[in-house]
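Here is the structure we will look at, set down as structure tokens.
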Amino acid sequence: MTELPTKKPLFSAKPAMPSRLADAVSDAIAAALFDGRIVPGEPLPPEGEIAREFGVSRPIAREALRQLTSAGLISTQQGKVARAKELNGEPLEKIYGYAVRSSVKRLQEANEMRRVIETGIARLAAQRRGKAGLAAMERALADMREGLGDPAAFTEADILFHLGMAMATGNSMIRVQMEGMRSVQREVSELFSRRSNRTRSDWSATIDRHQALYEAIAAGDADLAEQKIIIHFEAADIASLEVADELGSRGKGA
Numbered sequence: 001m002t003e004l005p006t007k008k009p010l011f012s013a014k015p016a017m018p019s020r021l022a023d024a025v026s027d028a029i030a031a032a033l034f035d036g037r038i039v040p041g042e043p044l045p046p047e048g049e050i051a052r053e054f055g056v057s058r059p060i061a062r063e064a065l066r067q068l069t070s071a072g073l074i075s076t077q078q079g080k081v082a083r084a085k086e087l088n089g090e091p092l093e094k095i096y097g098y099a100v101r102s103s104v105k106r107l108q109e110a111n112e113m114r115r116v117i118e119t120g121i122a123r124l125a126a127q128r129r130g131k132a133g134l135a136a137m138e139r140a141l142a143d144m145r146e147g148l149g150d151p152a153a154f155t156e157a158d159i160l161f162h163l164g165m166a167m168a169t170g171n172s173m174i175r176v177q178m179e180g181m182r183s184v185q186r187e188v189s190e191l192f193s194r195r196s197n198r199t200r201s202d203w204s205a206t207i208d209r210h211q212a213l214y215e216a217i218a219a220g221d222a223d224l225a226e227q228k229i230i231i232h233f234e235a236a237d238i239a240s241l242e243v244a245d246e247l248g249s250r251g252k253g254a
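Numbered per my numbering, the sequence shown spans residues 1 to 254.
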């Protein structure tokens, strides 16, 4: 008698404590997403099939999918199968956005976080010099020059530049972190643009700082890249936070 082939499990299911069944199921599905067994856009098995594979109830499987949806790893719609999403920084961006808009203190903390993180990113980008990242940085510089004097266009170009720097590291988790910090970049850039004394030479100096940082990374000089990004933060972001401080003081006096 010919034996039927056994279907290979999609997930690496592990025994779990009853109180943590949903967590165990979501962890196993997340592992399949991260290691490429399920690619972005691919549908997940139906809820019932997930429940059978893990030996749990449908409500447990449903809760696991809800957790993954909240984390931004899958998308679900009423009456449709859940699908894997490309890993991105959207959940972080929402959290940071709420934080930096809540108070000047949180904005200062978020900007301090950027300084710490991006200094390391600049060094790694210079060491690895991923082509796609360098190309994004070049495109961002061109967009900055084209959008000179236009705060909205300049902000988007600035965000692309820093994302390109993260991409140049070749590290997907660093890219996700940079995507998450876009809301911080937008808030700081908007504050910087509010300065009444900002001149065309100010805009040009900002571009020059980005150009110098790009050149250091493209040349593979990690020490110089670190130096240039520190200069960038000192010249640009601290000035923005001075505006934020002023706005905060006005708010307290109102």
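Heads up, the beta-carbon is just placed ideally off N, CA and C, and yes, glycines get one too.
- Within 10 angstroms of the beta-carbon of Gly-149 lie fewer than 16 other beta-carbons, which makes it exposed.
- Under the three-state reduction of DSSP output, Ala-84 falls in the strand class.
- Judged by their CB atoms, Met-144 and Phe-154 are nearer to each other than the 9 Å cut-off.
- In the DSSP secondary-structure assignment, Ile-74 is bridged to Ala-84.
- When C-alpha distances from Leu-21 are compared across Glu-118, Lys-131, Gly-55 and Glu-190, the shortest belongs to Gly-55.
- Considering only Leu-163, Ala-235, Ala-218 and Ile-217, the residue with the shortest C-alpha distance to Ala-205 is Ala-235.
- Annotated three-state conformation of Pro-43 is strand, per DSSP.
- In its chain, beyond the 5 residues on either side, Ala-126, Gln-127 and Arg-129 have a beta carbon closer than 8 Å to the beta carbon of Gly-220.
- In the DSSP assignment, Glu-93 falls within the unbroken alpha helix (DSSP H) covering 90 to 102.
- The beta carbon of Ala-122 is closer than 6 Å to those of Ala-225, Glu-226 and Ile-229 in its chain, skipping five residues each way along the sequence.
- When the five nearest sequence neighbours on each side are left out, the beta carbons in the same chain lying within less than 6 Å of the beta carbon of Ser-183 are those of Glu-93, Tyr-96 and Gly-97, in order along the chain.
- Within the same chain, Cβ atoms closer than 6 Å to the Cβ of Ala-82 are found at Leu-44, Leu-65, Ile-74 and Thr-76, the five residues on either side in sequence being excluded.
- In the three-state scheme derived from DSSP, where H, G and I count as helix and E and B as strand, Ala-125 is classed as helix.
- According to the DSSP assignment, Thr-206 belongs to the alpha helix (DSSP H) that extends over 200 to 218.
- In the DSSP assignment, Glu-146 falls within the unbroken alpha helix (DSSP H) covering 131 to 146.
- Annotation for Ala-153: the continuous alpha helix (DSSP H) segment containing it runs 151 to 167.
- Only exposed fits Glu-49, as fewer than 16 other CB atoms lie within 10 angstroms of its CB.
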